[in-house]
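Numbering (my numbering), first residue to last: -19 to 1094. Each remark here refers to the structure printed beneath this line.
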């Protein structure tokens, strides 16, 4: 071990040499231990401590304040015998006091207590020096005292508070300690705020927790003269205390009496902090060195003596990878291990820079001495050549500085420490002596060891208090839970999902009191107290939400009002504080395990329903539900993002439709008022399709009334007569041409204005007597689409694999495009006028429509009305998909061409040589029994598909089928659709819900139809004719029942919501049994004659259904 600098009081450990200053590094000949036996070195202003791996502590230097725990000062290293019964793993030195941390986590203090820095209750005289270590453990007070030393006073014990210390740092007259549970404790002087407590607490005599920083768990602490720092697991730096020279790096020079984040350092990924008296140095993940604070003596290394109140890179070392840094009172050491070079800069009045002179250096200067060996991970680098008699060169493994002295530990075999490495410890000795130098965070391995040691029959009262406190801390602190199951900071693997789910399964399989009693108690009772104030600061901190949602603690008995109010609402409120980037990360994590995601959705949906019930019961306030809905909206977006793993129905809260006045919420949303604490229109994912259908109908009805009034005003006041409705007159034998002339071309020529299309639709069949109160237009749509979808028109091709019809790539002439425009317009008119049509379009069409709609001004305006916040998750912002078969396009293609999609999946996953299949970048289409080849890329007919380009081939093929080949056809269709249907309320819809609005539901079970039927004209449910009718109807097969539904309502499908949405009336017309039943499709009314037998009733009913086409007045 080498030392240099000031030796006036023996603090270099060089023994009784004549020099007061050692200007060059010199070996400490009185230190007899091997270099690799040294665990830690700490320097005070005038004394030094060395901790050996054996647990022994050596001390030398001044003992004027008792800081050596010896009788006199020492100029050479001597063992601190009073610590011989404990194993010391860490040491720290202040100006005149010392602290050691034992292997079991107990801090031991001795030396000056002028500012309470020893934390001893019995030391009322602050000026009294204590030259015997004082610990906070349960030391035996009856132990005989040595004759020349006072008895061991007992003060406040750390064990009583279950604090297990893993690190300690000393300022001039204060201490900062870090526990294995990430608590930061301070005691001593607080005159400049260095203890992080209010300015009225000038002396802090007991270890006191620094108010919790709103970040990730703290993993290391540092202290300077009168300032302190804490570094979180994910590179957040917090500073407090004296800031006269800007040593906190905050951009100003105002002292701070509470922890404040040094925000400018977060993006630099700080890994280590060292402090001098008035300056600070930090090492970044890449090995950059930044300094700030006082530069009076060049201790910042910037080439001048200016102070810096913001971190500044030491430019001279910018090309080097600094692995260690140490700060003395006014000088700095920096080690670059890969080159073996040690640099020093700052004050040099005592030779503490080791340059051989006393010249102050304001730039990094090499410390003189041997040519130290460079360190490399290569085992052969620097190794001794075989047979060589020359001993291997030594390398520097550890540096230390303090006061005006410097130290370096050198050896030939042990690699140098890298201060940037933060190792997460999970070893836990059965005797609870943790021996950790970093805080402990939960992992699967640690939890298993805890459970193994405490078997099933262990009562909670018998648990070791430290273990119990550790368990409580892990499961009641969001920041600590956030550290669970992550790889080391800086790793690309942010969340170890496998470890997390394995641990959850382990918890589920072990019915121990530790897991079944304590864990739920801490999570449900203590955790909510922390959730109120906790703000997730980083992406990594969001692992807390993932783990908590996965824990198996939510059985049926847990969903009590107290659980919802005290735990779940606070959990959701905490989640609502996350930002977009954090939610994108969580979305990518959920993709790792569908089962975890499904359980999370089920849990949150259940809790949301319970919270809604409490709100309606006035147990909780309505505005508290907003954070619940934000969480549900996030999970819904994750589901959409990762390709509809769950159906949209999994997110519905059906009670909303029954208990919320959607009309009022629609008005509030439409007018942008804030009449309600929550506008449920801002969270459409929880509204079922029936609720959305009602909202859309409200919106369409408002438009229809508005356009009717506009027509009336034009007629009455402007002198331009207008119909209050959109009237379409068609002939049955020319329904398509008539519709095109009156709608598509009239709209194109300007004869039909946009708002005309948004008037109520009325249809008349020429030379027929029917009055359109609903039934006529129903049949109009049925007949029109029957013709338009017929293959003889050539507009749509049948996809037999999926039993759907999609655009024909050959139908691209202007007449065909007019027809597509008409089809799109009629689909929009069907939705707008609340008419169900049976069109077998594939789901991809509805996805394309919603994608087009999201680029419209109406959608953007609708989003601006949403109070959910700008939290839309984009796939491109999360993670790349593992394979093209996971993409939305391929999923849509699979629904259109399932057999081809299966072949593509096999081709992409095959390990065989794909080129043997003789496939090229082209697609062959058949037109008039003649093949026609389309290249998927320029020159594609000559490019063979192989294992390297097969994914590109599949992607181009899918894009061609879904988009490129039918681009004109789709654009014409979409133009017609959105000419009618561009309501802001469409923003509430999912593509599957849009499909349901167009096509309705196909009924397979008609057993509920009698329940929704009313009776008039002398009929009732028990009337003999009515009873016969239901016996006949329910005996029909499903196809005949659907035919009757079309006869009665004009459609064989029902609106979303099923049969319960229908209002059917059966009435007697008092006619004889020679008459047929008559259907009033406009009103869903059946005129049923009184029949004498079931056979006659069945015969007449089938005959009426067969002759149903056409409209007549009756």
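Don't be surprised by glycine CBs; every beta carbon is placed ideally from N, CA and C. Keep in mind the model is a prediction, meaning the values are calculated, not measured.
The three-state reading of DSSP puts residue 912 in strand, counting E and B together.
In the three-state reduction of the DSSP assignment, residue -8 falls in the coil class, being assigned neither a helical nor a strand state.
The straight-line gap separating the alpha-carbon atoms of residue 880 and residue 870 is approximately 11 angstroms.
Taken atom to atom, the span from the alpha-carbon of residue 808 to that of residue 874 is near 26 angstroms. The alpha-carbon of residue 149 is positioned some 13 angstroms away from that of residue 88.
By the criterion of at least three beta-carbon pairs nearer than 8 angstroms, the region 629 to 644 is not in contact with the region 928 to 941.
Annotation: residue 605 to residue 459 spans about 24 angstroms, alpha carbon to alpha carbon. The secondary-structure analysis by DSSP pairs residue 906 across a beta bridge with 911.
When the alpha-carbon of residue 674 is set against those of 394, 505, 811, 741, the nearest one is in 811. The alpha-carbon separation between residue 700 and residue 694 amounts to approximately 6 angstroms. Counting along the chain, residue 684 sits inside the alpha helix (DSSP H) bounded by residues 669 to 693.
Residue 209 has 202, 219 as its beta-bridge partners, per DSSP. The region -19 to -2 and the region 38 to 56 touch, with three or more beta-carbon pairs separated by less than 8 angstroms.
Residue 166 and residue 154 do touch by the CB rule: their CB atoms are close to 6 angstroms apart, below 8 angstroms. Proximity of the region 232 to 241 to the region 261 to 273 falls short of the contact definition, fewer than three beta-carbon pairs being nearer than 8 angstroms.
In this structure, 227 is the residue among 323, 227, 942, 242 with its C-alpha nearest to the C-alpha of residue 289. Here residue 393 has 16 as same chain residues with Cβ atoms under 7 angstroms from its own Cβ, once five neighbours each way along the sequence are excluded. Residue pairing by DSSP puts residue 779 in a beta bridge opposite 784.
Take residue 992, set aside five residues on each side of it, and the residues of its chain with a beta-carbon closer than 8 angstroms to its own are 1039, 1040, 1042, 1043, 1044, in chain order. Cβ atoms of residue 3 and residue 383 stay farther apart than 8 angstroms, at about 16 angstroms. Taken in chain order, the complete alpha helix (DSSP H) segments of 4 residues or longer contained in the region 917 to 991 are 930 to 942, 947 to 960, 971 to 979. Here residue 292 carries a strand assignment [DSSP, helix/strand/coil]. Below 8 angstroms, too few C-beta pairs join the region 1014 to 1028 and the region 961 to 971 to call them touching: fewer than three.
Your pair residue 156 and residue 201 checks out as a contact, with CB atoms roughly 5 angstroms apart and the cut at 8 angstroms.
Secondary-structure assignment with DSSP links residue 773 through no beta bridge to anything.
Between residue 190 and residue 176, the beta carbon gap of about 4 angstroms places them in contact (Cβ cut-off 8 angstroms). Around residue 787, the same chain offers 776, 946, 949, 950 as residues with beta carbons nearer than 7 angstroms, after the five sequence neighbours per side are excluded. Sorting 260, 96, 232, 247 by C-alpha distance to the C-alpha of residue 188 places 96 at the top. In this structure, DSSP gives residue 1064 a state outside helix and strand, which the three-state scheme calls coil.
For residue 552 and residue 530, the gap between their C-alpha atoms comes out near 15 angstroms.
Of the candidates 427, 37, 330, the residue whose Cα lies closest to the Cα of residue 385 is 330.
For residue 347 against residue -19, the beta-carbon gap comes to about 14 angstroms, at or over 8 angstroms, which does not count as contact. Classified as buried, residue 1069 has 16 or more neighbouring CB atoms from the shown chains inside 10 Å of its CB.
Residue 709 and residue 571 have their alpha carbons spaced roughly 53 angstroms apart. Bounds of the alpha helix (DSSP H) holding residue 827 are 823 to 833. As a beta-bridge residue in DSSP terms, residue 54 pairs with 41.
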